[in-house]
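The structure appears below as structure tokens.
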Amino acid sequence: MKQPLTPHGPGFSFIDEIVETREGNFIHARKWLDPELAFFRDHFPGEPLMPGVLLIECAAQAAGALWGSIHKHAQPKRYALAQVLQFKLQQPALPGETLDIEVTLEKDFGALAQFAAQLKAGEKPVAQGKIVLSQTKNQ
702 MKQPLTPHGP
712 GFSFIDEIVE
722 TREGNFIHAR
732 KWLDPELAFF
742 RDHFPGEPLM
752 PGVLLIECAA
762 QAAGALWGSI
772 HKHAQPKRYA
782 LAQVLQFKLQ
792 QPALPGETLD
802 IEVTLEKDFG
812 ALAQFAAQLK
822 AGEKPVAQGK
832 IVLSQTKNQ
């Protein structure tokens, strides 16, 4: 069985693969947007697109995978999204597209860390922003 990339269950995992990590401060992950994902049925019927909050979740999960790799955790460690500093939704993410999620660690404060994220579908910019993760108490 394939080891999970995040501590989330399969219905809430928004990273399919880690393409690359670099110098302990960068990760490139991917998520294929399966047209059968439940949220596409209702957001919006006939013109489906991925909700913006789930784009932020993609970035948060990639940031957590990066932070865990920096601290050399063998299993995915639980982090929580503590703050969305800014996030700009540029174009819709559509069923059948593959999201490239690139996240850079900007500041590590110990129990908190700040990340910059950029999401693209091919060459199309989808979203970008900055988030803060915190370590959860049950570490």
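Add 701 to the 1-based position in the sequence shown for my numbering, that's all there is to it.
Beta carbons are placed, not taken as given, at the ideal position from N, Cα and C, and that holds for glycine.
Measuring alpha carbon to alpha carbon, tell me which residue in Val827, Pro711, Val785, Pro746 is nearest Glu803.
For the purposes of this step, residue 803 is taken as residue 102 along the sequence shown, with counting starting at 1. Distances from the CA of Glu803 to each of Val827, Pro711, Val785, Pro746 were compared; the closest alpha carbon is that of Val827.
In chain order, what residues of the same chain have a beta carbon less than 7 Å from the beta carbon of Leu782, not counting five sequence neighbours either side?
Here residue 782 refers to the residue found at position 81 when the sequence shown is read from its first residue. The answer, listed in chain order, is Ala761, Ile832, Leu834.
Once the 5 residues before and after Arg779 are set aside, which same chain residues still bring their CB inside 6 Å of it?
Taking the sequence shown and counting its residues from 1, the one referred to as residue 779 is at position 78. Cβ within range, chain order: Pro708, Thr837.
For the candidate residues Trp768, Ala818, Phe745, whose alpha-carbon lies nearest to that of Phe788?
As a position in the sequence shown, residue 788 is number 87, starting the count at 1. Cα-wise, what sits closest to Phe788 is Ala818.
Whose C-alpha, out of Glu724, Glu748, Gln829, is nearest the C-alpha of Leu800?
Within the sequence shown, numbered from 1, the residue matching residue 800 stands at position 99. By alpha-carbon distance to Leu800, the top candidate from Glu724, Glu748, Gln829 is Gln829.
Opposing strand residues paired with His729 [DSSP bridges]:
One-based indexing of the sequence shown puts residue 729 at position 28. Its beta-bridge partners are Glu721, Glu803.
Tell me whether Asp735 is buried or exposed, calling it buried when 16 or more other Cβ atoms sit within 10 Å of its Cβ.
Against the sequence shown, residue 735 aligns to sequence position 34. Taking every protein chain shown into account, the CB of Asp735 has fewer than 16 other CB atoms within 10 angstroms, so this residue is exposed.
For Gly830, list the residues DSSP reports as bridge partners.
Looking up residue 830 in the sequence shown gives position 129. Beta-bridge pairing links Gly830 to Phe788, Ala818.
Does the beta-carbon of Val720 have 16 or more other beta-carbons within 10 angstroms, so that it is buried, or is it exposed?
The sequence position of residue 720 within the sequence shown is 19, counting from 1. By the 16-neighbour rule on beta-carbons within 10 angstroms, Val720 is exposed.
Please classify Lys821 as buried or exposed, where buried requires at least 16 other C-beta atoms within 10 Å of its C-beta.
Here residue 821 is taken as the residue at index 120 of the sequence shown, counted from 1. Buried.
Tell me whether the beta-carbon of Leu756 lies closer than 8 Å to the beta-carbon of Ala794.
Mapped onto the sequence shown, residue 756 falls at position 55. Mapped onto the sequence shown, residue 794 falls at position 93. For Leu756 and Ala794, yes; Cβs fall inside 8 Å.
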